[in-house]
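Data block below; observations after.
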Amino acid sequence: MIGPLALLTALVVGVLGGDVLGPGPARLLLGAAIVALVFAGERARRELRRAALVGAVIGVALLGASVEQRALNGLVRSPLTRAVARGDSAELVVTLTDDPAGPLYRTEVLATVERIDGRAGGDRTVLVSASGDEQSALRVLETGDRLRLRGRLVPLRGFSTRFRWRHAVGRVEVEKVTAVGAPVPPQLVIANGARHAVLRGADVLPATPRALLAGFVLGDTRAIPSDLVSAFRDAGLSHLLAVSGANVAFALAIVEPFLRRLRLGARFAGGIAVLVVFGTMTRWEPSVLRASVMAGLVMGARLLGRPADSRRVLVLAMLALLVLDPFLLHSVGFLLSCGACAGIVIGSARISARLRGPAWWRDALGVTASAQIGVAPVVLMVFGTMPLVALPANLLAAPFVGPLTIWGIVASVVGGVLGPAVGLWLQLPTLAMLRGVEWIARLAARVPIAVGPAEAVALTAVGVAVVGRHRVRSYLTGRVGGHGRRLRGEGKRPRPA
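Under my numbering, the residues of the sequence shown are numbered 390 to 886, in order.
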């Protein structure tokens, strides 16, 4: 694991270095990265592992800097640059890359520009913003829809600047929507159809549980009341409303009985198709990207008959994603997802082994505690505090997550097909589980105990001291015990047979 971890560290350092260097084509850096990686490959063939690792680390660091510089360059140099700087009004053809959202009197959505005043738009991303009469026309659309509109292009300002890390080069203030077209790519058509089926089957639920189910299954939190969103955040349960690796695993588990009947190659292709459709349904949130790439690597390893170590798979997935989109390093969702996964992979088994009680309790506590430890640095860095109630709240909510996600999808799809009368009965278990999770979140949110960075450092120091003392004591005890046994055995003659 030293090699992959060294490469990941080098890539992160390179991306941060690219931030410092600023926008640029980075051709020299990219060429140097290729040379270093070729050198590393050549040394690896000669079995010069140390030289190969050094060359690979240098190459990956240069690669990280170059891809970050090129990504930044795409923000400041594009067919839209002049229009954004001058605040021009233009005729645009755009494709939505997300679902419209926003406050009560304004709707915002990311989109790629195909044409601007009849010229190529370079497929650059913009933040489309609408208010007034045009807001209602925009809010009912979804990912993949194509629009012809007239709007004014302006730079990103204030809170909207965060969208630059999603490659937005500016904002379009909509003046008039003139035409709307349905999605064309087949994966979008299939994914949107499946999404509609799930949401249609959930219509029999009351408003708040229906919105919660959309959050659990699809990561769509737009209809959840703001006070409930705050309760989930204060309880340390907000990750339940963001689609994660567990949801990807549940989606694969649903289709596993069908895939199991296929040959190995067809099973791999079917699994990849499920990942693509589910990822498109959930709009490729950073956590879904990470989990989908990891699942694809595991399935690829099985196809090739090779072992798939979870730590190595996580590192390789992060390497691949950061090379393809270095801006993910600035995504809180991506960092939280990777932190939670790293905590579970590294610490869950070790924590569970040191606990007492039934296996289900030790495993649940080990996974929950390790995930909380893994996300703690990101939570403290971004939000400033971390609720201590998160651990017991997650332990209480954990038994609901799997059944709720799987049954919620199945009951919604079947109920949507068979009609509201059947769907209502099928959704009764879903409603009970949703109410249970809501009750846990609201109750835990009333416990106003949180730790800041200073308290976290102190707790970490105490934990390290306790673990260190335990290790030293175990080492000394084993050493003395072994020595004593050897002393007692000296001078004794073997008994005759």
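Glycine included, each C-beta is placed from N, C-alpha and C at the ideal position.
From residue i to residue j, what does the alpha carbon distance come to, in whole angstroms?
i    : j    : result
E503 : L538 : 12 Å
G444 : E457 : 20 Å
A658 : G841 : 46 Å
I829 : R434 : 56 Å
I447 : A399 : 7 Å
L394 : W749 : 31 Å
A680 : V578 : 23 Å
G732 : L617 : 27 Å
V663 : L832 : 37 Å
A474 : H719 : 25 Å
C727 : S676 : 8 Å
G547 : R700 : 39 Å
T866 : A854 : 18 Å
P414 : R513 : 17 Å
V558 : L499 : 11 Å
S619 : L651 : 45 Å
E564 : V517 : 11 Å
L692 : E645 : 16 Å
A519 : I740 : 50 Å
P544 : R560 : 6 Å
P776 : A839 : 4 Å
L437 : L426 : 14 Å
L725 : V846 : 19 Å
Figure out for me which residue from the options has the closest Cα to the Cα of residue i.
i    : options                   : result
P788 : G773, L777, T757 and P776 : T757
L588 : S801, V836, P818 and R835 : S801
R466 : F552, H556 and R535       : H556
I391 : L725, R439 and V826       : R439
A690 : L713, V424, G660 and A509 : G660
P809 : A586, V402 and L499       : A586
G797 : N462, L713, P598 and A500 : P598
P468 : A655, R508 and A460       : R508
R459 : L419, I762 and E436       : L419
M670 : F428, V427, P412 and D487 : D487
A638 : L405, V790 and E523       : V790
V566 : A709, A738 and V529       : V529
N783 : A612, R553 and H628       : H628
L464 : L754, M688, F716 and V767 : F716
L708 : V721, A729, V682 and G722 : V682
S549 : S525, V515 and T532       : V515
Can you list, in chain order, the residues of its chain with a C-beta nearer than 6 Å to that of residue i? Leave out the 5 residues immediately preceding and following it.
i    : result
I505 : A479 and L481
G812 : G590, V593 and G804
A450 : A399, V402 and G403
G407 : A454, E457 and Q458
G755 : S737, I740 and S741
Q576 : V665 and T669
V412 : A quick correction: the sequence has Pro, not Val, at residue 412. The residues are L461, N462 and V465.
Going by DSSP in three states, residue i sits in which element: helix, strand or coil?
i    : result
P492 : coil
E564 : strand
L626 : coil
V483 : strand
A571 : coil
G559 : strand
R652 : coil
R745 : coil
E531 : coil
E436 : coil
Q816 : coil
G608 : coil
V632 : coil
G392 : helix
W915 : Not covered by the structure: residue 915. The range shown for the chain is 390 to 886.
A753 : helix
G411 : coil
A731 : helix
D592 : helix
I447 : helix
S455 : helix
G694 : coil
Can you pull the DSSP bridge partners for residue i?
i    : result
P776 : A839
S478 : R541
R513 : V502
P536 : According to the sequence displayed, residue 536 carries Leu and not Pro. Answer is V483 and V569, bridged to L536.
E497 : A490 and S518
R508 : I505
Apart from the five residues on each side of it in sequence, which residues of its chain come closer than 7 Å, Cβ to Cβ, to residue i?
i    : result
G491 : E497
A441 : A429, R432 and A433
V632 : L607, G608, T671, E674, S676 and V677
Keeping to the same chain, check which residues put their C-beta closer than 8 Å to that of residue i; ignore five residues upstream and five downstream.
i    : result
D477 : R471, R541 and L542
V712 : L400, L452, G453 and V456
G880 : Confidence at G880 is low in this model, with a pLDDT of 47, below 50, so the placement of that residue is unreliable and no value is reported for it.
L653 : R691 and L692
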